[in-house]
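Engineer: Sending over a structure as structure tokens; questions will come in a sec.
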Amino acid sequence: MNKFEAVLLLSPDISSTLLKKEIDAFLGIISSNEGKIINEEDWGLRDLSYKIANHKKAFYQFFQIELIGSKIQVIKKSLSQNDKILRHLFVKVEDHQELPTKLQNEKK
104 MNKFEAVLLL SPDISSTLLK KEIDAFLGII SSNEGKIINE EDWGLRDLSY
154 KIANHKKAFY QFFQIELIGS KIQVIKKSLS QNDKILRHLF VKVEDHQELP
204 TKLQNEKK
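This is the structure in structure tokens:
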């Protein structure tokens, strides 16, 4: 299993209930692809550096994941088909950082 960090940018137009459903759906996608969520952080509603799909803000969600590397493409394809997810990023890491991250600390 490889270690990854993932960030999802979700539409600012969704309700907190729908946001939770989208996060749960992502967790389900990871689980169904033999992955494991190690940690999760809600970075909240943040300004974007540039507009994405006519949005100036997005909800940021951060995840530390263990996953077989070959499954990433399947997950990315699934995320790309979801119009509530504006962007996603997966980065392979050697070891996961300790939480809370700097962005989580800034949220407080």
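Numbering-wise, the sequence shown is residues 104 to 211 according to my numbering.
Even glycine gets a Cβ: it sits at the ideal position worked out from N, Cα and C.
1. Just curious, the beta strand (DSSP E) that Glu108 is in, first and last residue?
2. Tell whether a beta-carbon distance below 9 Å holds between Leu113 and Leu192.
3. Give me the DSSP bridge partner(s) of Gly138.
4. Can you tell me where the beta strand (DSSP E) with Lys174 in it begins and where it stops?
5. Decide if Gly172 is buried, meaning its Cβ has at least 16 other Cβ atoms within 10 Å, or exposed.
6. Just how far apart, CA to CA, sit Val196 and Phe162?
7. Given that a residue counts as buried once 16 or more other Cβ atoms are within 10 Å of its Cβ, and exposed if not, what is Glu125?
8. Where does Lys195 sit, in a helix, a strand or coil, going by DSSP?
9. If you drop the 5 nearest sequence neighbours on each side, which residues of the same chain put their C-beta closer than 8 Å to that of Lys187?
10. Sort Asn157, Met104, Ile132, Leu148 by Cα distance to Lys179 and report the nearest one.
Structural biologist: In this structure, then:
1. Note, Glu108: beta strand (DSSP E), 105-113.
2. No, they are not a contact pair.
3. Listed as beta-bridge partners of Gly138 by DSSP are no residues whatsoever.
4. Boundaries cannot be given for Lys174, as no beta strand (DSSP E) includes it and DSSP labels it neither H nor E.
5. Exposed.
6. In this structure, the CA atom of Val196 is about 23 Å from the CA atom of Phe162.
7. With 16 or more other Cβ atoms within 10 Å, it is buried.
8. In this structure, Lys195 counts as strand in the three-state DSSP scheme.
9. Excluding positions up to five away in sequence, the list reads Leu113, Ser114, Ile117, Leu121, Glu125.
10. The shortest C-alpha separation from Lys179 is found at Ile132.
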